[in-house]
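Each residue of the sequence shown is one higher than the one before, starting from 0 at the first, in numbering that gives the first Met the number 0. Where a beta carbon is used, it is the ideal one built from N, C-alpha and C, also for glycine. The structure appears below as structure tokens.
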Amino acid sequence: MSLLAVGTKETRITLPGLDVPFLVVENVESLITDITDEDKVPLWAEIWPACRGLSRYIWERMDFNGQRVLELGCGLGLAGVVCGLKGAGITFSDFQPDALEIACRNAALNGLTGVSGYLGDWRNFSLSEQFDWIVGSDILYDNKFHSCLESIFKECSYGKGILLSHPGRRPAFQFIKDWCDKTGSLEEHDVIPVYIPDPSFPYYEIHIHKLTKG
């Protein structure tokens, strides 16, 4: 599907002390073509609570000062945009071309320059660049991707560390424990409260893991 077929609208994402102008998909359900094929389910088109929590953490606690950041599974690019607003040089990565296009447009909407995008599937990831930080929100949800992500982390991260978020998923906790055991990485674990306008599930506790070299 080309970007021309994906309708967007501008909204604002509110973080403490910051309003982020942001393009979102106008009708996510219209993108669903085959619910039996998980690669075609448009998870990229939503701003998930884990992304909101990671973005708030980055805004409140991180300063990148020109460091290079790779956002894996960027979706619409909120976490990467906030990294850029905190001084990072951003590379967005997703396997959906529409996600990359909208993420880069969101970066431009917020005055960010020098942004790049990499279209790639974790199962066949050939990005040869290295980054000071890798960030990812709710990317550890499925065990079958863990070996792929472990390889990406080893290939693409040479600097400061890795920032990951999730809403309390058991596979995510297990991956992080295994990663720290294998690499000797140090872990800082925080929990960020996230409220969303959903009467059924308005509140989430988002786990943030900051992994740095020991």
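Cross-strand partners of residue i (DSSP beta bridge)
i      : result
Thr7   : Val24
Thr182 : Answer is none; Thr182 lacks a bridge partner.
Arg101 : Inspection of the sequence shows that residue 101 is occupied by Ile rather than by Arg. None, per the DSSP bridge assignment.
Arg67  : Gly88
His145 : For His145, which the question treats as bridged, DSSP gives no partner whatsoever.
Tyr157 : Partner(s): none; Tyr157 has no beta bridge.
Tyr202 : Tyr194
Trp132 : Val68, Gly160
Glu37  : Paired residues: none, contrary to the question.
Ser115 : Thr90
8 Å contact criterion, which residue i and residue j should meet: CB distance rounded
i      : j      : result
Ser156 : Gln129 : 7 Å
Whether residue i touches residue j by CB criterion (8 Å)
i      : j      : result
Pro48  : Ile138 : no
Ala107 : Leu75  : no
Gly135 : Leu42  : no
Ile175 : Val193 : no
Pro20  : Asn109 : yes
Cys103 : Phe124 : no
Thr10  : Val23  : yes
Trp121 : Ile151 : yes
Pro170 : Tyr140 : yes
Phe219 : Ala44  : Nothing about residue 219 can be read from this structure; the chain reaches only from 0 to 213.
Gly183 : Gly213 : yes
Leu118 : Phe144 : no
Option in the options with minimal Cα separation from residue i
i      : options                        : result
Gly89  : Leu77, Pro198, Gln95           : Residue identity differs from the one stated: residue 89 is Ile in this sequence, not Gly. Among Leu77, Pro198, Gln95, the Cα nearest to that of Ile89 belongs to Leu77.
Val68  : Leu162, Trp43, Ser146          : Leu162
Glu154 : Arg51, Leu126, Gly113, Gln95   : Leu126
Cys82  : Arg104, Ile101, Phe94, Leu53   : Leu53
Trp216 : Pro198, Tyr203, Glu149, Gly167 : One cannot answer for residue 216 here, as it falls past the ends of the chain, which runs 0 to 213.
Ile27  : Leu17, Glu37, Val5, Thr13      : The sequence as given places Val at residue 27; Ile does not occur at that position. Taking only the C-alpha atoms, the option nearest Val27 is Val5.
For residue i, three-class secondary structure by DSSP
i      : result
Val81  : helix
Ser127 : coil
Ile207 : strand
Thr120 : Reading off the sequence shown, one finds Asp at residue 120, where the question assumed Thr. It is coil, neither helix nor strand.
Ile46  : coil
Ile138 : coil
Leu17  : strand
Leu108 : helix
Glu75  : For clarity, residue 75 is Leu in the given sequence; the question names Glu instead. Three-state DSSP puts Leu75 in coil, outside helix and strand.
Asp62  : coil
Any C-beta of chain B under 8 Å from that of residue i
i     : result
Pro41 : Considering every chain present, this structure includes no chain B. It has just one protein chain.
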